[in-house]
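Line order of the protein sequences matches chains R and B. With the working numbering applied, the first sequence closes on residue 719, and no number is skipped along the way. With the working numbering applied, the second sequence closes on residue 250, and no number is skipped along the way. Backbone N, C-alpha and C define an ideal beta-carbon position, used for all residues, glycine too. Input: a single structure, listed below in structure tokens.
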Amino acid sequence: MSSLPLISAAIWVPLLGALFVSLWPRRYAALWGMGAALVSATSALGLVVAVAVAGPRRERLGGWGAPAGIELWVDGLSALMIAMTAVVGLVISVYAVAYFRAADGAADSERREIDLRREAYFWRIWLVVWAAINAVFASADLFNLYVTLEVVGLGAVALVALAGGRALPAAMRYLFVTLSGSLLYLLGVVLIYSEGGTLALFQAGEMLVVGALSQAALVVMVVGLALKTALFPLHFWLPPAHADAPAPVSALLSALVIKVTFYILVRLWVVVFPPEVSQPVGEILMILGLVAVIWGSWRALRQERLKMLVAYSTVAQVGYLFLVFGLGPRADGSAGWQAGAYFAISHACAKGAMFLAAGAIARAVGHDQIEEMRGVGAQLALPFFAFGLGGISLMGLPPSGGYVSKWLFITSAAATGDVIVVVAVALGGLLAAAYVFRVLALAFERAPREGAPPLRPIPSTLGWAALALGAVAVALGLAAGAPLALLEVGLPFGQSLAEGVTP
Amino acid sequence: MKTRRAFETGVALASLGLGALVALGAMRRRSLGPAAGHLVRDRLEESGVSSLVTAVLLNFRAYDTMLEVVVLVVAFWGAWSLRPMHTRVPERETDPILLRTVGGMLPVLWLLGIYLLWAGTSRPGGEFASGAVLGATGVLTLLIGERVPGTGRRVVRKVLVVAGVVVFMIAGVVGALGAIEGHELWSYPAEEAGRWIVAIEVAGAATIAFVLIGLFAGGRERLHGAASVRSEEG
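Below, the structure written as structure tokens:
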């Protein structure tokens with residue numbers, strides 16, 4: 217039983233699904249795509265359950281073992297990330313069926329042709345990206361991480377470009393950014409390999425010693441991965457790319473794709489680099505993270521387009537993620553790291569919900585100018601409610617996943633005496649409240665809309681899918697025990713929390 | 017304009033800094049020579065081929081190689097998803113010199129590509145080298161206004177794009193089922209490995225070559241060069 221290749225299955229099922237979808241005529245893309253998404257989520261959850269029940273899993277591809285071959289390794293952290301991808305990915309898939317279907321109401325045949333092609337290519341590329349995201353989380357090999365990162369990056373760029381129009385320059389810039397980011401990472405891999413003679417994550421960690429080479433390797437890898445994760449001030453590419461993509465793509469980029477590079481950084485910190493090398497860089501990342509929280513929230517507050525607001529909010533939330541590189545190594549037990557991982561999964565659900573809701577609202581209103589959404593809330597209660605639920609998690613209000621992760625952040629920061637982190641986390645929450653309520657207050661104004669065109673009808677699936685993700689974001693606050701327990705499997709951070717896991 | 021200049025200067029300075037840092041790090045390398053080369057050489061007999069590079073690409077690290085083919089497939093889909101973009105490519109008469117020289121060379125080039133594939137089992141070559149040469153040959157074919165055989169049909173194109181990955185996956189699963197103990201993917205015994213590697217290479221070279229041609233053609237379905245497009249219009 218334990219010899220079943222569950223890890224490979226979690227990667228191969230969506231990949232095979234993508235190839236399969238590509239072989240069928242276009243009009244079946246959504247049907248087979250949704251089927252493939254269901255099977256992919258099931259196989260991923262199978263892996264997660266197996267890890268939760270029986271502990272971490274390892275696969276030696278080709279039967280070679282670490283130095284010559286490639287190993288896959290799934291512990292609690294990887295399993296949690298794969299579960300996040302499965303849940304968010306499944307909801308995005310349901311949304312995408314309705315989203316792309318709704319677009320083919322157009323009568324004109326050329327327009328219809330474009331819509332059909334967009335739908336067909338969305339499904340196959342999205343399934344490949346899903347497979348590659350799982351492949352990153354399961355990989356225990358530095359070079360393999362680079363290859364999977366390339367698949368994720370190229371696929372993400374292609375998905376942004378599907379929107380056409382003004383998304384094309386954004387996609388082009390995103391392409392350059394994502395390629396330079398991976399190349400910088402590869403440069404670091406080359407340096408590590410030249411010293412240790414191995415590409416396996418855990419072996420490289422044992423070989424590396426403190427010195428100029430490991431310092432250089434760490435810095436180039438951090439710059440490359442921080443660029444791809446959009447850490448301030450390297451976030452310049454993110455808002456247009458995330459805001460101008462089709463709505464399901466925006467959601468999966470913000471929810472999942474930026475977590476991939478964050479996850480690799482966490483692994484580098486915990487497994488590969490000696491603390492003497494990573495500590496000073498971690499301090500800098502923490503400071504940049506603090507600036508990002510304030511700057512991103514401030515910019516979000518001043519946006520005129522709803523999707524731009526949500527995208528800038530991602531810039532702010534990325535800031536929280538980077539706090540862990542300063543806090544994690546310092547805090548007692550693994551509280552700091554757990555805060556980061558929990559923040560990653562709750563942000564994935566919350567931000568996914570908000571982008572899906574924003575897409576539904578924009579489709580109904582016909583544009584996404586916030587000022588002109590005055591009073592539309594009553595007719596669009598479902599998506600606005602989902603937007604609000606996501607917002608609750610971003611603000612860190614109880615009971616929500618955001619609340620639990622911020623609580624973990626604050627306790628670990630308070631334990632190490634980082635008062636400034638406590639202040640920034642609180643201030644970021646207030647700013648998030650400001651930009652979420654700004655939208656909600658405007659939308660639920662009683663004043664009648666004058667001279668505005670009537671709302672277009674939208675499929676109710678769009679609203680319900682957004683609401684489902686928002687509900688998961690809230691549920692992560694009510695039932696924090698299970699995810700946090702999963703996170704402890706195999707002790708990914710080297711040590712356990714002493715006590716008091718849940719708030 | 018000013019912010020653009022500032023941005024470009026910033027990027028230049030950051031690149032210089034990172035480059036200097038990498039150079040500094042590389043100078044401090046403790047040892048020279050390929051670090052894991054001996055590992056591969058020791059186990060070459062178990063891999064089923066006699067070429068070091070092929071053994072690494074298609075047996076020891078087959079998973080990486082499969083994902084690299086996936087990278088190409090994603091790039092192809094990404095480019096073809098943009099198809100109805102009406103960008104005008106400046107067209108001109110096909111160069112007579114190109115026509116004469118390439119026309120005669122094409123059969124030789126196709127043959128060379130196939131030879132590289134066969135050579136891969138024992139010396140430098142293999143699916144990537146062969147696919148690149150075949151792809152370049154296809155691009156030349158398009159440039160002189162001829163069709164690449166077979167690619168005019170949608171079914172053929174669809175199968176060509178996925179073949180390289182699908183055969184890889186089949187080999188992985190069969191290897192897992194045939195392994196005596198454990199069920200690790202691609203873990204076939206040495207005597208069977210050779211056959212599977214050839215199968216993977218043939219399919220992989222076809223996919224790589226077709227993706228390169230398709231990327232050059234940039235989504236024009238009939239996959240033919242400028243000359244025949246004009247003749248159809250005219």
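Partner residues on chain R for residue i, Cβ-Cβ distance less than 7 Å
i	result
B/W202	L277 and G278
B/R77	G285 and I286
B/R44	G427, A428 and L429
B/V90	I341, V344, V367, L370, G371 and A374
B/W93	Y337, R340, I341 and A374
Check whether residue i and residue j have beta carbons under 8 Å apart
i	j	result
R/F448	R/G512	yes
R/L378	R/P455	no
R/G552	R/A659	no
R/L424	R/V304	no
B/T223	B/V85	yes
B/T167	B/F226	yes
R/A295	R/L702	yes
R/G536	R/G617	Sequence check: residue 536 of chain R is Tyr here, not Gly. No, these two residues do not count as a Cβ contact at 8 Å.
R/P599	B/A192	no
R/G582	R/P491	no
R/A347	R/P464	no
Residue i: contacting residues in chain B (beta-carbon distance under 7 Å)
i	result
R/Q585	Residues of chain B passing the Cβ test: none, with the nearest at roughly 25 Å.
R/E492	Those do not exist, as R/E492 stays about 15 Å from chain B at its closest Cβ, beyond 7 Å.
R/A432	L37, V38, L40 and G41
Burial state of residue i, where buried means 16 or more other Cβ atoms lie within 10 Å
i	result
R/P708	buried
R/S224	buried
R/S238	buried
B/T19	exposed
R/H451	buried
R/A302	buried
R/F392	exposed
R/E715	Because the pLDDT at R/E715 is just 45, under 50, the model does not fix this residue reliably, and the point stays unresolved.
R/D291	buried
R/M611	buried
B/D111	exposed
Residue i - DSSP class collapsed to helix/strand/coil
i	result
R/L661	Leu is not the amino acid found at residue 661 of chain R; the sequence shown has Glu there. Three-state DSSP puts R/E661 in coil, outside helix and strand.
B/A233	helix
B/R163	strand
R/A416	strand
B/H102	Bear in mind that the predicted position of B/H102 carries a pLDDT of just 47, short of 50, making it too unreliable to give a figure here.
R/Q711	coil
B/S203	coil
R/D584	coil
R/L424	coil
R/E704	coil
R/R274	strand
B/D58	helix
R/R546	helix
R/R518	coil
B/D111	coil
R/L434	helix
R/W346	helix
B/L132	helix
B/S146	helix
R/W453	coil
R/W289	strand
Within chain B, partners of residue i - CB distance below 8 Å
i	result
R/P221	A192, H199, E200 and L201
Partners in chain R for residue i, counting only beta-carbon separations shorter than 9 Å
i	result
B/S66	Within 9 Å Cβ-Cβ: nothing; B/S66 doesn't reach chain R, min ~17 Å.
B/M185	W228, L231, L232 and L235
B/R59	W280 and A284
Listed by chain order, chain R residues near residue i by CB distance under 8 Å
i	result
B/S97	R333, R334, Y337, I341, A374, A377 and L378
B/K174	S238 and L239
Proximity test, residue i beta-carbon vs the ligand NAD heavy atom, cut-off 7 Å
i	result
R/P670	In the structure on display, the ligand NAD does not appear, and there are no ligands present to speak of.
Contacts of residue i in chain B (Cβ-Cβ under 9 Å)
i	result
R/F359	R77 and D80
* Please determine if the segment 568-577 of chain R and the segment 596-606 of chain R are in contact, where contact requires at least 3 C-beta pairs separated by less than 8 Å. => yes
* Does the segment 170-183 of chain B come close enough to the segment 28-39 of chain B that 3 or more CB-CB pairs lie under 8 Å? -> no
* To do: Evaluate contact between the segment 281-292 of chain R and the segment 355-364 of chain R, counting only Cβ atoms and requiring at least three cross-stretch pairs below 8 Å.
  => Touching, yes, given that three or more Cβ pairs across the two stretches are closer than 8 Å.
* Per the contact definition of three or more C-beta pairs closer than 8 Å, is the segment 357-376 of chain R in contact with the segment 70-85 of chain B? -> yes
* Give a yes or no on contact between the segment 207-220 of chain B and the segment 252-271 of chain R, applying the rule of three or more CB pairs nearer than 8 Å. => Output reads no: the segment 252-271 of chain R does not touch the segment 207-220 of chain B.
* **contact_flag[the segment 491-498 of chain R, the segment 305-317 of chain R] where n(CB pairs < 8 Å) is 3 or more** => no
* Asked: Is it a yes or a no for the segment 400-415 of chain R touching the segment 359-375 of chain R, going by three-plus beta-carbon pairs under 8 Å?
  -> yes
* To do: Specify whether the segment 327-339 of chain R and the segment 437-446 of chain R touch according to this definition: at least 3 beta carbon pairs, one from each stretch, less than 8 Å apart.
  => no
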